[in-house]
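Here's the structure we're looking at; comments come further down.
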Amino acid sequence: MNILVFGPNGSGKGTQGAIVQKKYNMPHIESGAIFRQNIGGGTELGKKAKEYIDRGDLVPDE
């Protein structure tokens with residue numbers, strides 16, 4: 008089962024994701040956390056993501 012939670016900043020997506028993770032023993036994957044980790048680590052993914060983020064754009068799926 009895949010569950011996607013969408014919403015603006017501060018809407019509780021992370022909170023709801025943590026609740027679902029605990030209740031159903033499912034992984035909780037946060038794309039924002041993955042991007043922040045890679046940007047901080049200076050990885051190739053992080054460098055590419057930072058270009059989009061710095062422009063205020065969404066990072067594409069590619």
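Start counting the sequence shown at 8; every next residue gets the next number (our numbering).
From the three backbone atoms N, C-alpha and C, an ideal C-beta is built for every residue, glycine too.
Predicted, not measured: the structure shown is a model, and the values here were computed from it.
### Query
Mind checking whether residue 53 and residue 60 have CB atoms under 7 Å apart?
no
### Message
Going by C-alpha to C-alpha distance, which of 66, 64, 11 sits closest to residue 34?
### Response
11
#### Entry: Which listed residue (31, 51, 22) has its alpha carbon closest to that of residue 37
Comparing C-alpha distances from residue 37 to each of 31, 51, 22 shows the shortest one belongs to 22.
### Task
Would you kindly check if the distance between the Cβ of residue 25 and the Cβ of residue 42 is under 7 Å?
The criterion of a C-beta distance shorter than 7 Å is not satisfied by residue 42 and residue 25.
### First and last residue of the uninterrupted alpha helix (DSSP H) at residue 61
51-62
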